[in-house]
Amino acid sequence: MSHPHPELSAPPKLPKGGLRVIPLGGLGEVGRNMTVFEYDGRLLVVDCGVLFPDDHHPGVDLILPDFAAIRDRLDAIEAIVLTHGHEDHIGATPYLLRERQDIPLVGSQLTLALLNAKLREHRLRQTPFHTVKEGDRISFGPFDLEFVAVNHSIPDALAVAIRTGAGMVLHTGDFKMDQLPLDGRITDLRAFARLGEEGVDLFLTDSTNAEVPGFTTAEKRITPVLEQAFSESKQRIIVACFASHVHRVQQILDTAVKHNRKVAYVGRSMVRNMAIARDLGYLHVPPGVMVEAKELADLAPERQVLISTGSQGEPLSALARIAQRTHNFVHLQEGDTVVLASSLIPGNENAVYRVINGLARLGAHVVHKGNALVHVSGHASAGELLYCYNIVKPRNVLPVHGEVRHMLANGDLAKQTGVENVVYAEDGVVVDLVDGVAKVVGKVECGYVFVDGQSVGDVTESELKDRRILGEEGFVSVIVVVDSVAGKVSAGPEIHARGHAWADSDFEPIKQPIVDAVNRALDEGSTDTYQLQQVIRRTIGRWVSNTHKRRPMIIPVVVEA
(Lines of atoms letter the chains of each structure in order from A and count residues from 1; the text may use other names and numbers.)
(Lines give C-alpha, C1' and ligand atoms only; values in the text may rest on other atoms or scores of the structure.)
Protein backbone atom coordinates (compact mmCIF):
# COMPACT_ATOMS: atom_id res chain seq x y z
CA MET A 1 0.00 0.00 0.00
CA SER A 2 1.52 3.33 -1.07
CA HIS A 3 1.26 6.11 1.47
CA PRO A 4 3.46 8.86 2.93
CA HIS A 5 6.23 6.60 4.23
CA PRO A 6 9.66 8.16 4.80
CA GLU A 7 10.98 6.35 1.72
CA LEU A 8 8.72 8.48 -0.49
CA SER A 9 10.41 11.76 -1.36
CA ALA A 10 9.05 14.89 -3.01
CA PRO A 11 7.82 14.18 -6.54
CA PRO A 12 10.07 15.09 -9.48
CA LYS A 13 9.11 17.70 -12.05
CA LEU A 14 6.06 16.56 -14.00
CA PRO A 15 7.16 15.31 -17.44
CA LYS A 16 5.91 17.30 -20.40
CA GLY A 17 2.58 15.90 -21.55
CA GLY A 18 1.97 14.10 -18.23
CA LEU A 19 -0.96 14.44 -15.83
CA ARG A 20 -0.35 14.61 -12.07
CA VAL A 21 -2.93 13.51 -9.48
CA ILE A 22 -2.48 14.83 -5.93
CA PRO A 23 -5.08 13.53 -3.43
CA LEU A 24 -5.29 15.87 -0.44
CA GLY A 25 -8.13 14.03 1.31
CA GLY A 26 -10.51 11.10 1.02
CA LEU A 27 -7.95 8.35 0.41
CA GLY A 28 -7.51 6.30 3.58
CA GLU A 29 -10.51 7.94 5.27
CA VAL A 30 -14.22 8.51 4.70
CA GLY A 31 -14.47 12.27 4.37
CA ARG A 32 -12.33 15.32 3.55
CA ASN A 33 -12.46 14.52 -0.16
CA MET A 34 -10.19 16.65 -2.34
CA THR A 35 -8.14 15.77 -5.41
CA VAL A 36 -5.90 18.12 -7.39
CA PHE A 37 -5.10 17.45 -11.07
CA GLU A 38 -2.12 19.16 -12.71
CA TYR A 39 -1.49 19.43 -16.45
CA ASP A 40 0.75 21.85 -18.34
CA GLY A 41 1.33 23.94 -15.22
CA ARG A 42 -2.39 24.42 -14.48
CA LEU A 43 -4.47 22.91 -11.67
CA LEU A 44 -8.02 21.56 -11.40
CA VAL A 45 -9.55 20.74 -8.01
CA VAL A 46 -12.26 18.08 -7.72
CA ASP A 47 -14.24 18.37 -4.47
CA CYS A 48 -13.16 20.15 -1.30
CA GLY A 49 -14.84 18.59 1.72
CA VAL A 50 -14.53 18.26 5.47
CA LEU A 51 -13.98 15.38 7.84
CA PHE A 52 -16.00 15.37 11.03
CA PRO A 53 -13.97 14.87 14.24
CA ASP A 54 -14.35 11.87 16.52
CA ASP A 55 -13.55 11.32 20.19
CA HIS A 56 -9.85 11.44 19.30
CA HIS A 57 -10.16 15.15 18.42
CA PRO A 58 -11.51 16.89 21.55
CA GLY A 59 -12.72 20.43 20.98
CA VAL A 60 -12.32 20.28 17.18
CA ASP A 61 -15.28 21.38 15.06
CA LEU A 62 -14.11 20.32 11.59
CA ILE A 63 -11.06 18.82 9.89
CA LEU A 64 -9.99 20.32 6.55
CA PRO A 65 -7.71 19.14 3.76
CA ASP A 66 -4.19 20.55 3.94
CA PHE A 67 -3.85 23.26 1.27
CA ALA A 68 -0.09 23.64 1.84
CA ALA A 69 0.83 21.68 -1.30
CA ILE A 70 -1.00 24.20 -3.53
CA ARG A 71 -0.92 27.35 -1.40
CA ASP A 72 1.84 28.97 -3.47
CA ARG A 73 0.04 28.00 -6.70
CA LEU A 74 -3.46 29.28 -6.03
CA ASP A 75 -3.29 31.46 -9.17
CA ALA A 76 -2.82 28.30 -11.25
CA ILE A 77 -6.19 26.82 -10.18
CA GLU A 78 -8.59 26.88 -13.13
CA ALA A 79 -11.69 25.76 -11.24
CA ILE A 80 -13.10 23.72 -8.36
CA VAL A 81 -15.42 20.95 -9.60
CA LEU A 82 -17.93 19.69 -7.03
CA THR A 83 -19.45 16.28 -7.68
CA HIS A 84 -22.37 16.65 -5.23
CA GLY A 85 -23.60 18.59 -2.21
CA HIS A 86 -22.54 16.48 0.77
CA GLU A 87 -20.40 18.12 3.45
CA ASP A 88 -17.50 15.73 2.93
CA HIS A 89 -17.28 17.04 -0.66
CA ILE A 90 -18.14 20.75 -0.38
CA GLY A 91 -17.69 21.74 3.28
CA ALA A 92 -14.08 22.95 3.05
CA THR A 93 -14.63 25.02 -0.10
CA PRO A 94 -15.20 28.31 1.80
CA TYR A 95 -11.86 27.87 3.57
CA LEU A 96 -10.03 27.48 0.23
CA LEU A 97 -11.91 30.46 -1.21
CA ARG A 98 -10.76 32.57 1.74
CA GLU A 99 -7.29 32.28 0.20
CA ARG A 100 -8.47 33.15 -3.33
CA GLN A 101 -12.08 34.24 -3.68
CA ASP A 102 -12.38 34.26 -7.47
CA ILE A 103 -11.76 30.56 -8.17
CA PRO A 104 -14.64 29.42 -10.42
CA LEU A 105 -16.97 26.84 -8.88
CA VAL A 106 -18.46 24.17 -11.13
CA GLY A 107 -21.32 21.93 -10.07
CA SER A 108 -24.98 21.01 -10.44
CA GLN A 109 -27.79 23.35 -9.52
CA LEU A 110 -28.52 21.83 -6.11
CA THR A 111 -24.83 21.43 -5.23
CA LEU A 112 -24.05 25.08 -5.89
CA ALA A 113 -27.22 26.24 -4.13
CA LEU A 114 -26.26 24.35 -0.96
CA LEU A 115 -22.73 25.70 -1.16
CA ASN A 116 -23.91 29.26 -1.82
CA ALA A 117 -25.65 29.27 1.56
CA LYS A 118 -22.30 28.44 3.17
CA LEU A 119 -20.45 31.10 1.21
CA ARG A 120 -22.87 33.74 2.45
CA GLU A 121 -22.16 32.68 6.04
CA HIS A 122 -18.45 33.15 5.32
CA ARG A 123 -19.16 36.49 3.57
CA LEU A 124 -17.68 35.30 0.28
CA ARG A 125 -19.38 37.04 -2.64
CA GLN A 126 -16.78 37.26 -5.42
CA THR A 127 -16.83 33.64 -6.55
CA PRO A 128 -18.12 32.89 -10.07
CA PHE A 129 -20.54 29.96 -10.40
CA HIS A 130 -20.83 27.66 -13.42
CA THR A 131 -23.95 25.51 -13.17
CA VAL A 132 -23.75 22.27 -15.16
CA LYS A 133 -25.90 19.20 -15.66
CA GLU A 134 -25.42 15.73 -17.07
CA GLY A 135 -24.33 15.81 -20.71
CA ASP A 136 -22.74 19.25 -20.42
CA ARG A 137 -19.19 19.81 -21.61
CA ILE A 138 -17.11 22.80 -20.53
CA SER A 139 -13.41 23.67 -20.59
CA PHE A 140 -11.19 25.44 -18.06
CA GLY A 141 -7.67 25.99 -19.33
CA PRO A 142 -6.29 22.66 -20.55
CA PHE A 143 -9.04 20.67 -18.81
CA ASP A 144 -12.02 19.60 -20.93
CA LEU A 145 -14.80 18.48 -18.58
CA GLU A 146 -17.84 16.32 -19.37
CA PHE A 147 -20.46 15.56 -16.74
CA VAL A 148 -22.35 12.29 -16.27
CA ALA A 149 -25.44 11.64 -14.14
CA VAL A 150 -24.89 9.31 -11.19
CA ASN A 151 -27.32 8.15 -8.54
CA HIS A 152 -26.45 8.86 -4.90
CA SER A 153 -28.18 9.66 -1.61
CA ILE A 154 -28.53 13.30 -2.64
CA PRO A 155 -30.06 14.57 -5.91
CA ASP A 156 -28.02 16.03 -8.74
CA ALA A 157 -24.80 14.08 -8.19
CA LEU A 158 -22.37 14.03 -11.12
CA ALA A 159 -19.37 12.05 -12.26
CA VAL A 160 -16.82 14.01 -14.28
CA ALA A 161 -14.69 12.99 -17.24
CA ILE A 162 -11.52 15.09 -17.48
CA ARG A 163 -9.85 15.16 -20.89
CA THR A 164 -6.28 16.41 -21.17
CA GLY A 165 -3.37 15.89 -23.51
CA ALA A 166 -2.22 13.08 -21.21
CA GLY A 167 -5.46 11.12 -21.61
CA MET A 168 -8.91 10.89 -20.07
CA VAL A 169 -9.67 10.59 -16.37
CA LEU A 170 -13.12 9.47 -15.20
CA HIS A 171 -13.93 10.38 -11.60
CA THR A 172 -17.16 8.77 -10.35
CA GLY A 173 -17.63 10.92 -7.25
CA ASP A 174 -19.94 9.11 -4.83
CA PHE A 175 -22.39 6.86 -6.67
CA LYS A 176 -24.50 3.74 -6.68
CA MET A 177 -26.67 2.01 -9.29
CA ASP A 178 -30.18 2.11 -7.81
CA GLN A 179 -32.36 0.98 -10.73
CA LEU A 180 -35.58 2.33 -9.20
CA PRO A 181 -34.55 5.66 -7.66
CA LEU A 182 -37.20 7.88 -6.13
CA ASP A 183 -36.44 10.70 -8.58
CA GLY A 184 -36.06 8.43 -11.61
CA ARG A 185 -32.47 9.62 -12.20
CA ILE A 186 -30.22 6.59 -12.64
CA THR A 187 -26.47 6.32 -13.06
CA ASP A 188 -25.86 6.80 -16.79
CA LEU A 189 -24.11 3.56 -17.70
CA ARG A 190 -24.54 4.35 -21.40
CA ALA A 191 -22.34 7.41 -20.93
CA PHE A 192 -19.85 5.31 -18.97
CA ALA A 193 -19.76 2.81 -21.86
CA ARG A 194 -19.33 5.60 -24.44
CA LEU A 195 -16.42 7.05 -22.48
CA GLY A 196 -14.98 3.57 -22.15
CA GLU A 197 -15.11 3.16 -25.92
CA GLU A 198 -13.25 6.45 -26.31
CA GLY A 199 -10.68 5.22 -23.81
CA VAL A 200 -10.49 5.90 -20.07
CA ASP A 201 -6.83 6.14 -19.11
CA LEU A 202 -7.40 6.56 -15.37
CA PHE A 203 -10.56 5.57 -13.48
CA LEU A 204 -11.06 7.02 -9.97
CA THR A 205 -13.80 4.95 -8.31
CA ASP A 206 -15.77 5.21 -5.08
CA SER A 207 -14.51 2.49 -2.69
CA THR A 208 -16.80 2.89 0.32
CA ASN A 209 -18.85 -0.30 -0.20
CA ALA A 210 -16.27 -2.36 -2.09
CA GLU A 211 -16.27 -4.96 0.69
CA VAL A 212 -20.06 -5.38 0.53
CA PRO A 213 -21.10 -8.17 -1.86
CA GLY A 214 -23.92 -7.86 -4.38
CA PHE A 215 -25.88 -4.68 -4.99
CA THR A 216 -26.84 -1.83 -2.70
CA THR A 217 -30.45 -2.00 -1.50
CA ALA A 218 -32.85 0.29 -3.38
CA GLU A 219 -34.01 3.47 -1.64
CA LYS A 220 -37.65 2.41 -2.11
CA ARG A 221 -37.15 -0.49 0.32
CA ILE A 222 -37.28 1.98 3.19
CA THR A 223 -40.84 3.13 2.50
CA PRO A 224 -42.52 -0.01 3.99
CA VAL A 225 -40.49 0.41 7.18
CA LEU A 226 -41.62 4.03 7.52
CA GLU A 227 -45.20 2.93 6.78
CA GLN A 228 -45.02 0.39 9.60
CA ALA A 229 -43.59 2.90 12.07
CA PHE A 230 -46.33 5.41 11.22
CA SER A 231 -49.07 2.76 11.40
CA GLU A 232 -47.99 1.46 14.79
CA SER A 233 -47.37 4.81 16.44
CA LYS A 234 -50.24 6.27 18.45
CA GLN A 235 -48.32 9.41 19.39
CA ARG A 236 -45.77 11.80 18.00
CA ILE A 237 -43.14 10.62 15.51
CA ILE A 238 -39.66 12.13 15.27
CA VAL A 239 -37.50 11.13 12.29
CA ALA A 240 -33.80 12.03 12.33
CA CYS A 241 -31.78 11.97 9.13
CA PHE A 242 -29.01 13.84 7.35
CA ALA A 243 -29.93 17.45 6.60
CA SER A 244 -29.01 16.88 2.95
CA HIS A 245 -31.00 13.66 2.40
CA VAL A 246 -33.74 15.09 0.19
CA HIS A 247 -34.99 11.65 -0.88
CA ARG A 248 -35.45 10.50 2.71
CA VAL A 249 -37.35 13.67 3.62
CA GLN A 250 -39.56 13.14 0.55
CA GLN A 251 -40.45 9.66 1.77
CA ILE A 252 -41.30 11.01 5.22
CA LEU A 253 -43.51 13.77 3.80
CA ASP A 254 -45.39 11.35 1.56
CA THR A 255 -45.91 8.88 4.42
CA ALA A 256 -47.11 11.65 6.74
CA VAL A 257 -49.76 12.71 4.22
CA LYS A 258 -51.07 9.13 4.02
CA HIS A 259 -51.43 9.04 7.80
CA ASN A 260 -52.98 12.51 8.15
CA ARG A 261 -50.05 13.97 10.05
CA LYS A 262 -48.50 17.43 9.93
CA VAL A 263 -44.75 17.83 9.55
CA ALA A 264 -42.25 20.35 10.92
CA TYR A 265 -38.48 20.65 10.55
CA VAL A 266 -36.20 20.95 13.58
CA GLY A 267 -32.59 22.02 13.19
CA ARG A 268 -31.17 25.02 11.33
CA SER A 269 -29.41 23.06 8.59
CA MET A 270 -32.52 20.94 7.96
CA VAL A 271 -34.72 24.02 7.59
CA ARG A 272 -32.22 25.72 5.27
CA ASN A 273 -31.44 22.74 3.03
CA MET A 274 -35.03 21.63 2.58
CA ALA A 275 -36.07 25.17 1.69
CA ILE A 276 -33.39 25.20 -1.02
CA ALA A 277 -34.45 21.76 -2.30
CA ARG A 278 -38.12 22.80 -2.37
CA ASP A 279 -37.45 26.08 -4.17
CA LEU A 280 -35.40 24.32 -6.85
CA GLY A 281 -37.97 21.57 -7.36
CA TYR A 282 -35.99 18.66 -5.92
CA LEU A 283 -38.37 18.28 -2.96
CA HIS A 284 -42.12 18.15 -3.62
CA VAL A 285 -43.99 19.30 -0.52
CA PRO A 286 -47.67 18.24 -0.55
CA PRO A 287 -49.96 21.21 0.15
CA GLY A 288 -51.04 21.69 3.75
CA VAL A 289 -48.58 19.21 5.28
CA MET A 290 -45.93 21.63 6.62
CA VAL A 291 -46.26 23.72 9.79
CA GLU A 292 -43.82 25.63 11.96
CA ALA A 293 -42.23 23.45 14.65
CA LYS A 294 -43.72 25.48 17.50
CA GLU A 295 -47.21 25.09 16.02
CA LEU A 296 -47.11 21.30 16.41
CA ALA A 297 -47.87 21.69 20.10
CA ASP A 298 -51.40 22.79 19.15
CA LEU A 299 -52.04 19.45 17.41
CA ALA A 300 -52.86 16.09 18.94
CA PRO A 301 -49.71 13.92 19.34
CA GLU A 302 -51.01 11.36 16.82
CA ARG A 303 -50.97 14.08 14.14
CA GLN A 304 -47.38 15.27 14.69
CA VAL A 305 -44.18 14.46 12.77
CA LEU A 306 -40.85 16.15 13.38
CA ILE A 307 -37.97 15.80 10.91
CA SER A 308 -34.81 16.49 12.86
CA THR A 309 -31.06 16.72 12.52
CA GLY A 310 -28.80 14.74 14.84
CA SER A 311 -28.81 11.23 13.40
CA GLN A 312 -25.07 10.97 14.18
CA GLY A 313 -25.43 11.91 17.84
CA GLU A 314 -23.92 15.38 17.42
CA PRO A 315 -23.95 16.91 20.94
CA LEU A 316 -25.55 20.22 19.89
CA SER A 317 -28.01 18.78 17.39
CA ALA A 318 -31.77 18.95 17.84
CA LEU A 319 -32.14 15.21 18.56
CA ALA A 320 -29.36 15.17 21.16
CA ARG A 321 -30.97 18.10 22.97
CA ILE A 322 -34.35 16.35 22.84
CA ALA A 323 -32.77 13.23 24.38
CA GLN A 324 -31.18 15.37 27.13
CA ARG A 325 -34.44 17.28 27.77
CA THR A 326 -32.69 20.57 26.95
CA HIS A 327 -34.54 21.43 23.73
CA ASN A 328 -36.37 24.71 24.08
CA PHE A 329 -39.75 23.50 22.83
CA VAL A 330 -39.65 19.78 21.90
CA HIS A 331 -40.26 17.61 24.97
CA LEU A 332 -40.39 13.86 24.49
CA GLN A 333 -43.33 11.94 25.97
CA GLU A 334 -43.50 8.28 26.88
CA GLY A 335 -44.80 6.33 23.88
CA ASP A 336 -43.38 8.67 21.23
CA THR A 337 -41.61 7.02 18.28
CA VAL A 338 -38.15 8.11 17.15
CA VAL A 339 -36.74 6.85 13.84
CA LEU A 340 -33.02 7.24 13.14
CA ALA A 341 -33.13 7.01 9.35
CA SER A 342 -29.41 7.05 8.64
CA SER A 343 -26.28 4.96 8.74
CA LEU A 344 -23.63 5.07 11.44
CA ILE A 345 -20.59 6.99 10.28
CA PRO A 346 -17.48 5.21 11.66
CA GLY A 347 -16.38 6.89 14.87
CA ASN A 348 -19.87 8.11 15.80
CA GLU A 349 -21.15 4.85 17.30
CA ASN A 350 -20.78 5.84 20.95
CA ALA A 351 -22.42 9.23 20.44
CA VAL A 352 -25.36 7.68 18.57
CA TYR A 353 -25.96 4.99 21.17
CA ARG A 354 -25.83 7.60 23.93
CA VAL A 355 -28.66 9.42 22.18
CA ILE A 356 -30.61 6.17 21.64
CA ASN A 357 -30.27 5.27 25.31
CA GLY A 358 -31.34 8.76 26.33
CA LEU A 359 -34.44 8.54 24.15
CA ALA A 360 -35.29 5.05 25.42
CA ARG A 361 -34.89 6.21 29.02
CA LEU A 362 -37.55 8.83 28.38
CA GLY A 363 -39.94 6.11 27.19
CA ALA A 364 -39.59 6.49 23.41
CA HIS A 365 -39.76 3.59 20.98
CA VAL A 366 -36.54 3.97 18.98
CA VAL A 367 -36.31 2.52 15.47
CA HIS A 368 -32.74 2.45 14.13
CA LYS A 369 -30.51 0.57 11.71
CA GLY A 370 -29.85 -2.11 14.31
CA ASN A 371 -33.51 -3.20 14.46
CA ALA A 372 -35.05 -2.12 11.14
CA LEU A 373 -34.20 -1.26 7.52
CA VAL A 374 -34.34 2.50 8.03
CA HIS A 375 -31.34 3.39 5.88
CA VAL A 376 -29.68 2.22 2.68
CA SER A 377 -26.23 3.23 1.54
CA GLY A 378 -25.53 5.79 -1.16
CA HIS A 379 -22.49 3.91 -2.40
CA ALA A 380 -22.00 1.14 -4.95
CA SER A 381 -21.42 -2.36 -3.61
CA ALA A 382 -19.03 -4.90 -5.14
CA GLY A 383 -21.47 -6.12 -7.79
CA GLU A 384 -22.06 -2.60 -9.08
CA LEU A 385 -18.33 -1.83 -9.17
CA LEU A 386 -17.71 -4.97 -11.22
CA TYR A 387 -20.33 -3.81 -13.73
CA CYS A 388 -18.59 -0.44 -14.02
CA TYR A 389 -15.16 -1.96 -14.58
CA ASN A 390 -16.51 -4.26 -17.27
CA ILE A 391 -18.31 -1.39 -19.00
CA VAL A 392 -15.55 1.23 -18.79
CA LYS A 393 -12.56 -1.11 -19.28
CA PRO A 394 -10.06 1.44 -17.92
CA ARG A 395 -6.33 1.20 -18.54
CA ASN A 396 -5.45 2.30 -14.98
CA VAL A 397 -7.48 2.38 -11.75
CA LEU A 398 -6.98 4.55 -8.66
CA PRO A 399 -9.44 3.56 -5.88
CA VAL A 400 -10.64 6.64 -3.94
CA HIS A 401 -13.09 7.58 -1.18
CA GLY A 402 -12.62 5.02 1.55
CA GLU A 403 -10.45 3.59 4.26
CA VAL A 404 -7.44 1.47 3.31
CA ARG A 405 -9.40 -1.79 3.47
CA HIS A 406 -12.09 -0.36 1.19
CA MET A 407 -9.57 0.78 -1.42
CA LEU A 408 -7.75 -2.56 -1.38
CA ALA A 409 -11.05 -4.40 -1.88
CA ASN A 410 -11.93 -2.06 -4.74
CA GLY A 411 -8.58 -2.67 -6.38
CA ASP A 412 -9.08 -6.43 -6.13
CA LEU A 413 -12.40 -6.07 -7.96
CA ALA A 414 -10.71 -4.11 -10.74
CA LYS A 415 -8.05 -6.79 -11.11
CA GLN A 416 -10.70 -9.51 -11.32
CA THR A 417 -12.14 -7.79 -14.41
CA GLY A 418 -8.74 -7.69 -16.12
CA VAL A 419 -7.40 -4.26 -15.15
CA GLU A 420 -3.64 -4.74 -15.10
CA ASN A 421 -2.52 -1.54 -13.38
CA VAL A 422 -4.20 -0.65 -10.08
CA VAL A 423 -2.45 2.16 -8.23
CA TYR A 424 -3.01 2.43 -4.48
CA ALA A 425 -2.42 5.76 -2.78
CA GLU A 426 -3.34 7.69 0.32
CA ASP A 427 -3.61 11.38 1.11
CA GLY A 428 -0.49 13.21 -0.04
CA VAL A 429 0.78 10.44 -2.33
CA VAL A 430 1.37 11.77 -5.86
CA VAL A 431 0.40 9.71 -8.92
CA ASP A 432 1.53 10.60 -12.44
CA LEU A 433 -0.14 9.45 -15.66
CA VAL A 434 2.56 9.47 -18.33
CA ASP A 435 2.38 7.69 -21.70
CA GLY A 436 -0.80 5.94 -20.57
CA VAL A 437 0.71 4.43 -17.40
CA ALA A 438 -0.13 5.61 -13.87
CA LYS A 439 2.36 5.18 -11.03
CA VAL A 440 3.30 6.62 -7.65
CA VAL A 441 6.13 9.16 -7.99
CA GLY A 442 6.43 10.74 -4.55
CA LYS A 443 4.58 12.55 -1.81
CA VAL A 444 3.66 16.03 -0.61
CA GLU A 445 3.06 17.13 2.96
CA CYS A 446 -0.57 16.47 3.78
CA GLY A 447 -1.68 16.70 7.40
CA TYR A 448 -4.93 17.45 9.18
CA VAL A 449 -5.99 21.07 9.48
CA PHE A 450 -8.25 21.58 12.49
CA VAL A 451 -11.02 24.15 12.79
CA ASP A 452 -11.53 25.06 16.43
CA GLY A 453 -14.06 27.86 16.84
CA GLN A 454 -12.67 30.81 14.88
CA SER A 455 -9.22 29.22 14.73
CA VAL A 456 -8.20 27.47 11.50
CA GLY A 457 -4.99 25.47 11.51
CA ASP A 458 -3.70 26.83 14.83
CA VAL A 459 -4.43 23.67 16.83
CA THR A 460 -1.63 21.12 16.44
CA GLU A 461 -1.45 17.40 17.10
CA SER A 462 0.64 18.18 20.19
CA GLU A 463 -2.11 20.40 21.58
CA LEU A 464 -4.72 17.73 20.86
CA LYS A 465 -2.56 15.25 22.74
CA ASP A 466 -2.58 17.64 25.71
CA ARG A 467 -6.39 17.86 25.49
CA ARG A 468 -6.69 14.08 25.47
CA ILE A 469 -4.42 13.78 28.50
CA LEU A 470 -6.42 16.44 30.34
CA GLY A 471 -9.67 14.69 29.48
CA GLU A 472 -8.52 11.19 30.36
CA GLU A 473 -5.92 11.71 33.09
CA GLY A 474 -6.59 15.14 34.63
CA PHE A 475 -3.76 17.39 35.80
CA VAL A 476 -1.59 18.05 38.82
CA SER A 477 -0.16 21.49 39.58
CA VAL A 478 2.98 21.89 41.73
CA ILE A 479 4.16 25.29 43.01
CA VAL A 480 7.64 25.63 44.54
CA VAL A 481 9.26 28.87 45.81
CA VAL A 482 13.06 29.05 45.47
CA ASP A 483 15.32 31.46 47.37
CA SER A 484 17.66 32.54 44.58
CA VAL A 485 20.21 33.96 47.05
CA ALA A 486 20.42 30.94 49.33
CA GLY A 487 19.94 28.48 46.48
CA LYS A 488 17.35 26.47 48.40
CA VAL A 489 13.60 25.79 48.36
CA SER A 490 12.04 28.37 50.66
CA ALA A 491 8.37 27.37 50.40
CA GLY A 492 6.23 24.58 49.06
CA PRO A 493 5.63 22.44 47.26
CA GLU A 494 1.95 23.24 47.10
CA ILE A 495 0.20 20.48 45.12
CA HIS A 496 -3.33 20.41 43.73
CA ALA A 497 -5.03 17.85 41.46
CA ARG A 498 -8.06 18.14 39.19
CA GLY A 499 -9.88 15.41 37.34
CA HIS A 500 -9.26 12.77 40.02
CA ALA A 501 -10.60 11.85 43.43
CA TRP A 502 -7.23 12.61 45.04
CA ALA A 503 -7.20 14.99 48.00
CA ASP A 504 -4.35 17.44 48.42
CA SER A 505 -3.28 15.47 51.52
CA ASP A 506 -2.65 12.40 49.34
CA PHE A 507 0.48 14.12 48.03
CA GLU A 508 2.19 14.48 51.43
CA PRO A 509 4.58 11.53 50.79
CA ILE A 510 6.05 13.15 47.68
CA LYS A 511 6.51 16.69 48.97
CA GLN A 512 9.86 16.12 50.69
CA PRO A 513 11.30 14.13 47.72
CA ILE A 514 10.41 17.11 45.47
CA VAL A 515 12.19 19.51 47.85
CA ASP A 516 15.24 17.22 47.98
CA ALA A 517 15.34 16.86 44.15
CA VAL A 518 15.11 20.63 43.58
CA ASN A 519 17.76 21.37 46.21
CA ARG A 520 20.13 18.82 44.61
CA ALA A 521 19.62 20.45 41.24
CA LEU A 522 20.35 23.88 42.75
CA ASP A 523 23.50 22.55 44.46
CA GLU A 524 24.65 21.18 41.07
CA GLY A 525 24.29 24.62 39.51
CA SER A 526 20.88 24.34 37.84
CA THR A 527 19.36 27.77 38.27
CA ASP A 528 17.30 27.92 35.09
CA THR A 529 13.57 27.92 35.93
CA TYR A 530 12.73 25.54 33.07
CA GLN A 531 15.31 22.99 34.23
CA LEU A 532 13.92 23.10 37.77
CA GLN A 533 10.39 22.60 36.42
CA GLN A 534 11.59 19.50 34.58
CA VAL A 535 13.09 18.13 37.81
CA ILE A 536 9.72 18.60 39.54
CA ARG A 537 7.83 17.04 36.63
CA ARG A 538 10.03 13.92 36.58
CA THR A 539 9.94 13.45 40.35
CA ILE A 540 6.19 13.70 40.87
CA GLY A 541 5.47 11.99 37.54
CA ARG A 542 7.30 8.80 38.58
CA TRP A 543 5.61 8.84 41.96
CA VAL A 544 2.06 9.28 40.55
CA SER A 545 2.69 6.56 37.97
CA ASN A 546 4.01 4.08 40.54
CA THR A 547 1.50 4.94 43.27
CA HIS A 548 -1.71 5.59 41.37
CA LYS A 549 -1.00 3.99 37.94
CA ARG A 550 -1.98 7.23 36.21
CA ARG A 551 -0.17 9.66 33.89
CA PRO A 552 -1.82 13.07 34.41
CA MET A 553 -0.62 16.32 32.88
CA ILE A 554 1.81 17.86 35.36
CA ILE A 555 2.12 21.65 35.52
CA PRO A 556 5.14 22.68 37.65
CA VAL A 557 5.62 26.33 38.61
CA VAL A 558 8.88 27.65 40.07
CA VAL A 559 8.75 31.08 41.71
CA GLU A 560 12.01 32.85 42.49
CA ALA A 561 11.99 34.85 45.71
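For what it's worth, my numbering labels the leading residue of the sequence shown as -1, then goes sequentially. Ideal placement from N, C-alpha and C gives every residue a C-beta, glycine not left out.
Check                                                                                                                                                                              : Outcome
Report yes or no: do three or more beta-carbon pairs, one from the region 294 to 312 and one from the region 244 to 263, lie closer than 8 angstroms?                              : yes
In angstroms, rounded to a whole number, what distance separates the CA positions of G286 and Q107?                                                                                : 27 angstroms
Out of V364, A77, N31 and V516, state which residue places its alpha-carbon closest to the alpha-carbon of G139.                                                                   : A77
Go ahead and pull the three-state DSSP assignment for M268.                                                                                                                        : helix
Keeping to the same chain, check which residues put their C-beta closer than 6 angstroms to that of Q532; ignore five residues upstream and five downstream.                       : none
My assumption, with CB atoms under 8 angstroms, is that D172 sits in contact with A155. Please give the rounded CB distance.                                                       : 6 angstroms
Taking the alpha carbon of D502 as the point to measure from, which residue in F473, R96 and V479 has its own alpha carbon closest?                                                : F473
When the distance is taken between beta carbons, is T162 closer than 8 angstroms to G175?                                                                                          : Note that residue 175 is Met in the sequence shown, not Gly. No. Outside cutoff.
Give the secondary structure of F505 by DSSP, where H, G and I count as helix, E and B as strand, and everything else as coil.                                                     : helix
Out of V429, S340 and A115, which has the shortest C-alpha to C-alpha gap to A273?                                                                                                 : A115
Would K253 and F228 be called neighbours here (beta carbons separated by less than 8 angstroms)?                                                                                   : The question names Lys, but residue 253 in the sequence shown is Thr. Against a cut-off of 8 angstroms, the Cβ pair of F228 and T253 comes out as a contact.
List, from N- to C-terminal side, the beta strand (DSSP E) runs of 3 residues or more that fit wholly inside the region 198 to 250.                                                : 200 to 204 and 235 to 238
When you compare only the Cα positions, how much space is there between S482 and A559?                                                                                             : 6 angstroms
Using C-beta distances below 7 angstroms, list every residue in its chain close to R71, excluding the 5 sequence neighbours before and after it, in chain order.                   : L41
Among H494, N517 and A519, which residue has its Cα nearest to the Cα of P550?                                                                                                     : H494
Is P13 helix, strand or coil by DSSP?                                                                                                                                              : coil
According to DSSP, simplified to helix, strand and coil, what is A489?                                                                                                             : strand
Between the C-alpha atoms of F65 and K547, what's the straight-line distance to the nearest angstrom?                                                                              : 42 angstroms
Using the rule of at least 16 other Cβ atoms within 10 Å of the residue's Cβ for burial, across every protein chain shown, is E230 buried or exposed?                              : exposed
Is the Cβ-Cβ distance between V148 and P392 less than 8 angstroms?                                                                                                                 : no
So, with DSSP's three-state summary, where would you put T527?                                                                                                                     : helix
Where does S543 sit, in a helix, a strand or coil, going by DSSP?                                                                                                                  : helix
In whole angstroms, what separates the C-alpha of A370 from that of A339?                                                                                                          : 10 angstroms
Tell me the DSSP secondary structure of N114 in three-state form.                                                                                                                  : helix
Assuming A262 contacts A295 under a Cβ cut-off of 8 angstroms, what Cβ separation, rounded to an integer in Å, is found between them?                                              : Actually they do not touch by this definition, with Cβ atoms about 10 angstroms apart.
Quick check on R18: buried or exposed, where buried means 16 or more other Cβ atoms within 10 Å of its Cβ?                                                                         : buried
Once the 5 residues before and after P554 are set aside, which same chain residues still bring their CB inside 6 angstroms of it?                                                  : V476, Q531, I534 and R535
At 4 residues or longer, and completely inside the region 334 to 385: list those alpha helix (DSSP H) runs for me, N to C.                                                         : 347 to 359
Is it the case that the region 376 to 389 contacts the region 408 to 424, given that we only count it when at least three CB pairs across the two stretches are under 8 angstroms? : yes
Around the C-beta of D514, are 16 or more other C-beta atoms found within 10 angstroms, so that it is buried, or is it exposed?                                                    : exposed
Is DSSP giving M175 helix, strand or coil here?                                                                                                                                    : coil
State the beta-bridge partners of I305 as determined by DSSP.                                                                                                                      : V237 and Y263
Taking the alpha helix (DSSP H) that P63 belongs to, which residues open and close that run?                                                                                       : Unbroken run through P63: none, as it is neither H nor E.
For A362, which residues from the same chain have a beta carbon less than 6 angstroms from its beta carbon, with the 5 sequence-adjacent residues on both sides left out?          : L330, D334 and V336
Hey, could you find the ends of the beta strand (DSSP E) I152 is sitting in?                                                                                                       : It is not in any beta strand (DSSP E) - I152 carries neither H nor E in the DSSP assignment.
State buried or exposed for D45, treating a residue as buried only when at least 16 other CB atoms are found within 10 Å of its CB.                                                : buried
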